[in-house]
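J.: First the structure, which I've put down as structure tokens, then a few questions once you've had a look.
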Amino acid sequence: MIKRISPQETYLLRREILRKNLPQESHEFNGDFDDQTFHLGYFVEDRIVGIITVLQNGEIAQIRGMAVSEDYQGKGIGKKLVEMAEEILREAQIQKIWMNARETAAEFYQKLGYKIEGELFNIKPIGFHYVMTKYFNS
Numbered sequence: 001m002i003k004r005i006s007p008q009e010t011y012l013l014r015r016e017i018l019r020k021n022l023p024q025e026s027h028e029f030n031g032d033f034d035d036q037t038f039h040l041g042y043f044v045e046d047r048i049v050g051i052i053t054v055l056q057n058g059e060i061a062q063i064r065g066m067a068v069s070e071d072y073q074g075k076g077i078g079k080k081l082v083e084m085a086e087e088i089l090r091e092a093q094i095q096k097i098w099m100n101a102r103e104t105a106a107e108f109y110q111k112l113g114y115k116i117e118g119e120l121f122n123i124k125p126i127g128f129h130y131v132m133t134k135y136f137n138s
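Here the sequence shown is numbered in UniProt numbering, starting from 1 and rising by one per residue.
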């Protein structure tokens, strides 16, 4: 089941999957508490096993902090989270979604219709990323 969650409910998976061995403050993202930001969690029983954060700015949205617990990766949870976020964004008349996608996740996002823009770049100490985008038709 997918439902909206608080920013704080994303921190455990952000730490375990996205920010291993980094300080606590790295689990908190700029914009987490903005009015236009939303967070979704994928639940198995009472446990959050997948998360996605989406920041909106006008007709543009950014996906940040998408993660699925290692035990549940490869089961379609990430795809379901992205699709639910996209549904919400379409209803909000968002025209473009973008993200800094890890190099290792680029193929996953390409299968969902996202395109790589530009060259591979390094976000230290996290790793190599691509800017990826997807446009909705008006």
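Don't be surprised by glycine CBs; every beta carbon is placed ideally from N, CA and C. It should be emphasised that the depicted structure is a prediction, and the values quoted were computed from it without experimental measurement.
1) So, helix, strand or coil for L112, using DSSP?
2) From I48 to R14, what distance separates their C-alpha atoms?
3) Is it the case that the Cβ atoms of I63 and A85 are separated by a distance below 8 angstroms?
4) Enumerated in chain order, which unbroken segments of the beta strand (DSSP E) with a length of 3 residues or greater are wholly contained in the UniProt domain "N-acetyltransferase" (1–137)?
5) Buried or exposed: A92, going by 16 or more other Cβ atoms within 10 Å of its Cβ?
6) Does P125 pass the burial test, meaning 16 or more other C-beta atoms within 10 Å, or should it be called exposed?
7) Spatial neighbours of G118 within its chain, please: CB distance less than 6 angstroms, with the 5 preceding and 5 following residues excluded, ordered by chain position.
T.: The answer reads as follows:
1) Here L112 sits in coil by DSSP.
2) Their Cα atoms are separated by approximately 11 angstroms.
3) Yes. Within cutoff.
4) Segments of the beta strand (DSSP E) lying fully in the UniProt domain "N-acetyltransferase" (1–137): 2–5, 38–44, 47–57, 60–68, 96–102, 115–123 and 127–135.
5) Exposed, because fewer than 16 other Cβ atoms sit within 10 Å of the Cβ of A92.
6) Exposed, since its Cβ has fewer than 16 Cβ neighbours within 10 Å.
7) Taken in chain order, the residues that qualify are V131.
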